[in-house]
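Just so you know, the protein sequences line up as chains X and B, in that order. Numbered per the working numbering, the first sequence spans residues 1 to 485. Numbered per the working numbering, the second sequence spans residues 486 to 970. Glycine included, C-beta positions come from ideal geometry on N, C-alpha and C. Please read the structure below before turning to the comments.
2 protein chains.
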Amino acid sequence: MSKKAKTAIIPTRSEDFSEWYQQVIKAADMAENSPVRGCMIIKPYGYAVWENIQRIFDKRIKEGGVQNAYFPLLIPLEFISREAEHVDGFAKECAVVTHHRLEKDVNGKLQLAESAKLEEPYVIRPTSETIIGDAMARWIQSYRDLPMKLNQWCNVMRWEMRPRMFLRSSEFLWQEGHNAFETKDEAKEDAYKMLDAYADFAENSLAIPVIKGEKTDDERFPGADITLTIEAMMLDGKALQAGTSHYLGQNFSKSCGIKFQSREGGEDFAHTTSWGISTRLIGAMIMTHGDDDGMIMPPRVAPYHVGIIPIIRDYADSDKILNYARDLMDKLKAQGLCVKLDESDVRTGNKMWGMIKQGVPIRVEIGAREVENGTLTHVRRDLGRDSKTSCSVDVFVNSVNDILDLIHNELFTRALKLRDKNIKNIADLSELEAFFKDGNIGFARMDVKLIEDDDYKRICKDYSLTSRCKPFCDNGEKVLVGKAY
Amino acid sequence: MSKKAKTAIIPTRSEDFSEWYQQVIKAADMAENSPVRGCMIIKPYGYAVWENIQRIFDKRIKEGGVQNAYFPLLIPLEFISREAEHVDGFAKECAVVTHHRLEKDVNGKLQLAESAKLEEPYVIRPTSETIIGDAMARWIQSYRDLPMKLNQWCNVMRWEMRPRMFLRSSEFLWQEGHNAFETKDEAKEDAYKMLDAYADFAENSLAIPVIKGEKTDDERFPGADITLTIEAMMLDGKALQAGTSHYLGQNFSKSCGIKFQSREGGEDFAHTTSWGISTRLIGAMIMTHGDDDGMIMPPRVAPYHVGIIPIIRDYADSDKILNYARDLMDKLKAQGLCVKLDESDVRTGNKMWGMIKQGVPIRVEIGAREVENGTLTHVRRDLGRDSKTSCSVDVFVNSVNDILDLIHNELFTRALKLRDKNIKNIADLSELEAFFKDGNIGFARMDVKLIEDDDYKRICKDYSLTSRCKPFCDNGEKVLVGKAY
């Protein structure tokens, strides 16, 4: 075995984290870059994770009274313009639609038809506050129509100059929730409630520990009064904003005209919130749980919980082993688990490596000996290649859900330990600078007042740092500072 | 009561079918036109139907080995161009993206940044054969990679000059399946199999009877060797193409380069299929099942199976009635049913009309008398306003699924009878012309050879007719002709 073959992913995390990330995605067959600048193709194995994210979170928000709907992909430029008047720091990198027809030129080649130029261009939605706000203004007449809680699962576009799969792509998939309320208190409470939902989802479904907090003024969503965030620490010590929830005050309701007749009979503007998570979470999962052999799927969103590999040394045993494996698969499926039995004709070693690189939480191996003994051999992906355990089929079937919970807890605890080890308390700005100058990874935790100092801006610029959030657990008195994705 | 108030929808179907359709959508609160030309907003009640369609059909295709994935929204113009070289009759009404940035002009008004013009424009996908074919060309190396069955649920755009909600909008939602096979036989078989899946879904989930058949040459999807369709007849006698499945031969695999090493060791082009259904199906549901009081939801995709209305005449009974109603709701939900209990403070009459217009399959009324007797009153939406039945709560809970099946069957049978009554056997072209000249509604069924006559084209043009399909049940010897949506 050559030295390089010791890990499935080359380079390793410590050699080149950024390239490791790309290679994990490739080895797990989750996504790839497309011929469209900055846009990715989400391949079936990656998309299955997104479907699980959607399924779990969609159920949760519906239980909270949110209704799904669908709003147009295109936003009239005028809507964006109106928003831009109200909002500084509005992002302008958008895909703009200017024509509505193609035609053949004199050589029979297709080109855009100049004659079909739109009077007013449209922008492909970078987010839908303006067009949903416009609809809410029509739909909300009285306090009886409130609260109104709407969500859509959709694609959005922001033209990205330095795209990275899942983390930052020109097109991505997300959910955007838009809620409107009678009062400031209700709306603020809702923004916090949705942040709790995100934190709970990240920790209990994705096994990603997150820090809940409020964004500082300069990091707030343009147009929001309060931006709440969950921040996660990746394996390389960088921060990743994993979900945001905004209290928008009456800013959007005023620019969109979301007025209602109040209980007292007067007219008032609604208080609105918006909240979103995206396919970026899949990037966060990779950079939280992956190792030098590839992906490790957190069990609760894994496309397959269990992968079964038949090990056939003697062709005569083939039927016996496959039937035994299929029987096991049926038993596991009957428990609601997703199972992949690899019956393909590729080499057994390749099948094993395939499952390792895809991060299937539990790998089961079944050979002639297992069939004879009524047993199976199983391997937890999170514990490394040599953690093999043998037991009877019944014992496995009865304990598989517990094992999956153990894997979830192990992944979560591991990530939590790494994160907490890499949060450094900082007393002043010179210590902040020294920390990042020395090449340390992680977050600096310091008094929030320090960010008002001009030197803070200079240090942030020099070391590519940003204020990540003012954690709730510090009562807003501290701020976490770090490099970020 | 004024004469007009006798139906909930004004105008009625017979007065103005087209306007009736718009009013049903409005009264049921399913969708509305948006400020974006030709694009609709799908409101929660309409979107819930689409979610049910997705859930049921997605399960089915996954059982058939199809994997979901996600491909970019934007298609490079070059891809479309390449396709256009192969394909005549390519639709050219597309939304074209030409710029990637906005900027403020001297007056602070937002406009597109001329400096951010794309070298090559992109087209918003009207369908994804080209970009998925391009990916398949990379992913398929050998016969071992086949069959490859991919699907995506997504939005697509085709610039529509005469948009109608659900039926023809510039943006719509759909699923597009793209399968690749080793052999012609397998691919053709798959195209037929997917058509069967659509027909089964239309009939058994949406209660829409459909005719399976093949499109004639002039109606075939550009680029397909065979286009299969399910055609439904709407209440006004017009046809609606409710789903299509194409055998694309090697046309796309040749233009996209989907080559593979064959079992014999040579190189071959894959045989591909594509197949789609869209939000148009919701339009078909409305125009198949609706009546002059509004929508009638086919139970298996209805957002609510049962709507409960508490009838509180005496405020003192309020708690008693509401608790009784909530208890019923819990019992029904425990059976997996979706239930709406309307506790809002609007007038009882308005609640009833709301449920009628939304087409909730079963309406349950609970007043003080029902609570006293341990009974309830239920009304089937499909049988009209006076079909009230009283029974005990237990009897209702035990029979509610059967009642929903009865409603499904009634809707299906009703539509089937109307359709079959309105298919007229036609002997020659003069009879065809006479049939539509006389203002008859429905389909003409005639010998397929008649469409080769030049006079057929003239008649089609004069009466806005098209060949709908050559029904399988006629062995391809007949063709159905009619007006269509």
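Residue i: first and last residue of the uninterrupted alpha helix (DSSP H) it sits in
i: B/Asn640; result: Not the alpha helix (DSSP H): B/Asn640 falls in the beta strand (DSSP E), residues 633–642.
i: X/Ile308; result: Element bounds for X/Ile308: not the alpha helix (DSSP H) but the beta strand (DSSP E), 306–310.
i: B/Leu597; result: It is not in any alpha helix (DSSP H) - B/Leu597 instead sits in the beta strand (DSSP E) that spans 595–597.
i: X/Ala48; result: 44–63
Chain-ordered chain X contacts of residue i [CB-CB under 8 angstroms]
i: B/Leu597; result: Leu77, Val96, Thr98, Pro121
i: B/Leu658; result: Tyr70
i: B/Cys524; result: Pro72, Leu73, Leu74
Residue-chain proximity (residue i, chain X), Cβ-Cβ < 8 angstroms
i: B/Val521; result: yes
i: B/Tyr555; result: yes
i: B/Ala717; result: no
i: B/Asp590; result: no
i: B/Ser566; result: yes
i: B/Tyr532; result: yes
i: B/Lys963; result: no
i: B/Glu536; result: yes
i: B/Leu733; result: no
i: B/Lys818; result: no
i: B/Ala665; result: no
Buried or exposed by the 16-neighbour rule on C-beta atoms within 10 Å, applied to residue i
i: X/Tyr315; result: exposed
i: X/Val395; result: exposed
i: B/Pro719; result: Just to set this straight, residue 719 of chain B is Met in the shown sequence, not Pro. Per the 10 Å Cβ criterion, buried.
i: X/Asp16; result: exposed
i: X/Gly482; result: buried
i: X/Val346; result: exposed
i: X/Gln141; result: exposed
i: B/Glu749; result: exposed
i: X/Leu432; result: buried
i: B/Thr757; result: buried
i: X/Asp293; result: buried
i: B/Asn553; result: buried
i: B/Glu522; result: First, the residue type needs correcting, since residue 522 of chain B is Arg and not Glu in the sequence shown. Buried is the call here.
i: X/Gly213; result: buried
i: X/Glu372; result: exposed
i: X/Arg458; result: exposed
Boundaries (first-last residue) of the beta strand (DSSP E) holding residue i
i: X/Val97; result: 96–99
i: X/Ala232; result: 226–233
i: B/Gly757; result: One detail in the question is off: residue 757 of chain B reads as Thr in this sequence, not Gly. Where B/Thr757 is concerned, the enclosing beta strand (DSSP E) stretches over 756–763.
i: B/Gln660; result: 656–666
i: X/Ile140; result: Element bounds for X/Ile140: n/a, residue is neither H nor E.
i: B/Ser932; result: Correcting the residue identity first, residue 932 of chain B is Asp in this sequence and not Ser. Note, B/Asp932: beta strand (DSSP E), 928–932.
Backbone CA spacing between residue i and residue j [nearest angstrom]
i: X/Arg468; j: X/Asn251; result: 24 angstroms
i: B/Ile711; j: X/Ala284; result: 45 angstroms
i: X/Met1; j: X/Thr7; result: Caution applies to X/Met1, whose pLDDT of 38 falls short of 50 and renders its modelled position unreliable; the model cannot decide the point.
i: X/Ile311; j: X/Tyr304; result: 19 angstroms
i: B/Lys902; j: B/Pro956; result: 18 angstroms
i: B/Asp939; j: B/Asp721; result: 28 angstroms
i: X/Thr229; j: X/Thr244; result: 4 angstroms
i: B/Ile806; j: B/Glu850; result: 10 angstroms
i: X/Asp29; j: X/Lys59; result: 28 angstroms
i: X/Phe412; j: X/Asp405; result: 10 angstroms
i: B/Ala709; j: B/Asp905; result: 30 angstroms
i: X/Asn323; j: B/Gln726; result: 44 angstroms
Proximal residues of chain X, C-beta to C-beta of residue i below 9 angstroms
i: B/Trp760; result: The contacting residues do not exist; B/Trp760 stays about 17 angstroms from chain X at best.
Chain B contact for residue i (CB, 8 angstroms cutoff)
i: X/Asn155; result: yes
i: X/Trp353; result: no
i: X/Asp496; result: This structure does not reach residue 496 of chain X, given that chain X is present from 1 up to 485, and the question cannot be answered.
i: X/Asp405; result: no
i: X/Lys340; result: no
Residues that residue i contacts on chain X, provided the C-beta gap is smaller than 7 angstroms
i: B/Ile527; result: Ala69, Tyr70
Where residue i meets chain B, residues with beta-carbon distance less than 7 angstroms
i: X/Lys92; result: Arg586, Leu587, Glu588
i: X/Ala242; result: Ordered by position in chain B, no residue passes the 7 angstroms Cβ test against X/Ala242, which lies about 20 angstroms from the chain.
Proximal residues of chain B, C-beta to C-beta of residue i below 9 angstroms
i: X/Leu228; result: Ordered by position in chain B, no residue passes the 9 angstroms Cβ test against X/Leu228, which lies about 25 angstroms from the chain.
Chain-ordered chain B contacts of residue i [CB-CB under 8 angstroms]
i: X/Lys59; result: Ordered by position in chain B, no residue passes the 8 angstroms Cβ test against X/Lys59, which lies about 12 angstroms from the chain.
Minimum Cβ-Cβ distance from residue i to chain C less than 8 angstroms
i: X/Ala135; result: Given the protein chain composition of this structure (X and B), no chain C is represented.
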